[in-house]
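Engineer: Have a look at this one.
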Amino acid sequence: MKTLSYGRQWINDDDIAEVVKVLRGDWLTMGPTVDAFEKSLADYAGVKHAVTFSSGTAALHGAMYASGMGAGDFAVTTAMTFVATSNSVIYTGATPIFADIDNTLCMNPEKAEESINAHGGKVKAVIPVSFGGYPFEIEPFREIAEEYNAVLIEDASHSWGGDRGSHKIGFDADMTTLSFHPVKHITTAEGGAVLTSNDEYARRLKMFRNHGTTRNASEFVDEPDGIWHSEMQDLGYNYRLSEVHCAIGLSQMKRLDEFVGRRREIARLYFRELSGVEGLTLPPGKEGHAWHLFIARVNEELHGQFFGYLRDNDIRLQVHYRPVPLQPYYRKKYGYKAGDFPEAEKYYRQAVSLPIFPLMTDDDVMRVCGVIKNFVWR
Ligand SMILES: Cc1ncc(COP(=O)(O)O)c(C=O)c1O
140 MKTLSYGRQW INDDDIAEVV KVLRGDWLTM GPTVDAFEKS LADYAGVKHA VTFSSGTAAL
200 HGAMYASGMG AGDFAVTTAM TFVATSNSVI YTGATPIFAD IDNTLCMNPE KAEESINAHG
260 GKVKAVIPVS FGGYPFEIEP FREIAEEYNA VLIEDASHSW GGDRGSHKIG FDADMTTLSF
320 HPVKHITTAE GGAVLTSNDE YARRLKMFRN HGTTRNASEF VDEPDGIWHS EMQDLGYNYR
380 LSEVHCAIGL SQMKRLDEFV GRRREIARLY FRELSGVEGL TLPPGKEGHA WHLFIARVNE
440 ELHGQFFGYL RDNDIRLQVH YRPVPLQPYY RKKYGYKAGD FPEAEKYYRQ AVSLPIFPLM
500 TDDDVMRVCG VIKNFVWR
């Protein structure tokens with residue numbers, strides 16, 4: 140029987156043909172395909188700029204850098220996210236602070252404000268995560284960012300292709316970061332991007348991903364030595380995404396709506412089939428949800444057994460995620476302890492991510508539902 144994991148990519152012959160074209164062409168990095176992919180991302184979200192990076196993590200690092208944060212600054216994010224969200228704050232020398240989740244599984248805005256005030260009322264960035272693809276209400280976070288004079292950065296690694304009514308994800312925050320890891324809505328194998336309509340952020344992002352250098356004469360601080368002149372103006376990295384990766388991404392963008400549409404169909408099937416199953420709590424739904432994850436919750440006492448039963452039936456669940464501040468590194472560095480984030484901790488003891496990816500057939504979904512219904516709920 141085929142093993143179903145919680146997510147996987149969908150690469151087709153068109154994607155492969157586009158990669159081959161690039162491999163036969165003149166540019167392997169920083170050429171026309173990078174520009175075209177960035178334009179397709181920006182146009183989709185309705186923003187001025189998209190700057191690609193070598194991973195979603197590098198994109199987050201870029202966004203934190205562009206916000207101007209550094210040693211002595213705080214940035215608030217959710218306790219329930221992948222470690223990269225808050226690690227990227229630490230890369231800049233700043234300190235991440237955390238807030239518990241609400242019943243959307245995203246950051247609770249009141250808790251975010253409490254956390255800011257507990258750290259002296261100063262924060263450089265507010266970083267909500269559209270967790271699992273859920274398009275949380277952005278307004279409360281916009282208000283907090285304005286009140287504390289902070290930059291609003293949405294980690295939309297889970298929600299590309301989703302929307303908030305008339306706006307696509309990517310439009311609302313000052314900067315929005317994306318990941319193109321294979322389980323995400325579109326993939327470039329590894330890759331990421333930052334979306335923004337702010338010219339200054341875009342300028343800083345482009346420099347940062349290229350060793351902190353610029354060839355743009357209008358930005359030079361020195362008198363040019365000649366037409367070859369370039370300047371390194373700040374410490375940056377090599378975070379560039381290659382033409383090969385961008386060729387996959389550009390091709391995948393043509394099917395983004397189809398991918399998200401299929402994820403939504405699968406979510407509807409799960410709701411139809413599983414809503415009556417006693418002992419199983421289904422995830423919060425919302426118009427515009429991108430359904431990167433379909434996270435059900437089971438009673439704590441049955442969590443391990445449920446996970447094992449599905450694995451024995453060739454269904455590989457995942458738990459997204461262990462609350463970040465309770466990871467050993469964070470406990471040791473910042474002194475967090477069990478009980479600090481009760482909602483995220485409770486959720487972690489119950490959560491199971493069911494398989495959801497566009498290549499799944501209706502039969503695959505029904506198989507998962509059948510196994511779940513056969514589980515002995517006691
Ligand atoms: C919420 C979130 N942020 C950031 C990342 C990092 O993305 P990448 O794996 O492309 O570096 C991920 C990846 O899983 C993620 O889930």
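Throughout, my numbering is defined as the position within the sequence shown, counted from one, plus 139. C-beta: ideal position from N, C-alpha, C; glycine also.
Do you know offhand how far G509's Cα is from D451's?
Structural biologist: Between G509 and D451, the C-alpha separation is close to 14 Å.
Engineer: Under 8 Å: do the region 377 to 384 and the region 471 to 480 share three or more Cβ pairs, one atom per stretch?
Structural biologist: Because the criterion of three Cβ pairs below 8 Å is not met, the region 377 to 384 and the region 471 to 480 do not touch.
Engineer: By the DSSP assignment, the beta strand (DSSP E) with M314 in it spans what residues?
Structural biologist: Counting along the chain, the beta strand (DSSP E) containing M314 begins and ends at 314 to 318.
Engineer: Kindly indicate which three-state DSSP category H442 falls into: helix, strand or coil?
Structural biologist: Looking at H442 - three-state DSSP - the assignment turns out to be helix.
Engineer: Less than 8 Å between the C-beta atoms of Y204 and T224, yes or no?
Structural biologist: Not a contact, by the Cβ cut-off of 8 Å.
Engineer: Does ligand 1 have a heavy atom nearer than 7 Å to the CB of E293?
Structural biologist: Checking every heavy atom of ligand 1 against the Cβ of E293, none is found closer than 7 Å.
Engineer: Out of W516, E285, V290, which one is the CA nearest neighbour of G415?
Structural biologist: Nearest option by C-alpha distance: W516.
Engineer: Out of curiosity, what's the CA-to-CA distance linking D174 and G272?
Structural biologist: Each residue's Cα considered, the two are about 27 Å apart.
Engineer: Counting C-beta neighbours from all protein chains within 10 Å, is the total for Y487 16 or more, i.e. buried, or is it exposed?
Structural biologist: With 16 or more other Cβ atoms within 10 Å, it is buried.
Engineer: Is E370 near T352, with beta carbons less than 8 Å apart?
Structural biologist: Result yes, Cβ atoms of E370 and T352 sit closer than 8 Å.
Engineer: If you measure between the beta carbons of W430 and A406, is that distance less than 8 Å?
Structural biologist: Cβ atoms of W430 and A406: closer than 8 Å.
Engineer: Cα-Cα, which of D182, T191, E439, Q466 is closest to G300?
Structural biologist: Checked all of D182, T191, E439, Q466; the closest Cα to G300 is D182.
Engineer: Specify whether the region 185 to 196 and the region 314 to 323 touch according to this definition: at least 3 beta carbon pairs, one from each stretch, less than 8 Å apart.
Structural biologist: At 8 Å Cβ cutoff, the stretches touch.
Engineer: Pull up the DSSP beta-bridge partners for V215, would you.
Structural biologist: Partner(s): I236, V265.
Engineer: Mark H258 as exposed unless 16 or more other C-beta atoms lie within 10 angstroms of its C-beta, in which case mark it buried.
Structural biologist: H258 comes out exposed.
Engineer: Can you check whether the CB of K263 is closer than 8 Å to the CB of G525?
Structural biologist: In the structure displayed, the chain extends from 140 to 517; residue 525 sits before or after that span and is not available.
Engineer: Distance check for R281 and A210, CA to CA, integer angstroms please.
Structural biologist: Whole-angstrom Cα-Cα distance: 24 Å.
Engineer: Have a look at L493 and M499 and give me their C-alpha separation to the nearest angstrom.
Structural biologist: One C-alpha to the other measures close to 12 Å.
Engineer: Just confirm the distance between the C-beta atoms of H188 and S298, as a whole number of angstroms; I'd bet it's less than 8 Å.
Structural biologist: Contact doesn't hold; Cβ gap of about 19 Å is too wide.
Engineer: Compute every distance between the C-beta of T196 and the non-hydrogen atoms of ligand 1, then say whether any falls below 7 Å.
Structural biologist: Correct: T196 has its Cβ closer than 7 Å to ligand 1.
Engineer: Should T216 be counted as a contact of ligand 3 given a C-beta to heavy atom distance under 7 Å?
Structural biologist: Annotation note on ligand 3: not contained in the displayed structure, which lists ligand 1 as its ligands.
Engineer: Decide yes or no for the touch test of the region 304 to 317 against the region 148 to 168: beta carbon pairs closer than 8 Å, at least 3 of them.
Structural biologist: No, they do not touch.
Engineer: For I155, count neighbouring Cβ atoms within 10 angstroms of its own Cβ and tell me buried if that reaches 16, exposed if not.
Structural biologist: By the neighbour-count rule (16 or more Cβ atoms within 10 Å), I155 is not buried but exposed.
Engineer: With C-beta atoms as the reference, is G201 less than 8 Å away from V186?
Structural biologist: No; because the gap between Cβ atoms is not below 8 Å, this pair is not in contact.
Engineer: Have a look at the DSSP bridge pairing and note the partners of T327.
Structural biologist: According to DSSP, T327 bridges with nothing at all.
Engineer: Using the C-alpha atoms, what's the distance from N226 back to N355?
Structural biologist: Distance between the alpha carbons of N355 and N226: 31 Å.
Engineer: Let me make sure I understand the geometry here. Which of S179, G331, F496, T216 has the alpha-carbon closest to that of L408?
Structural biologist: The option with the nearest alpha carbon to L408 is F496.
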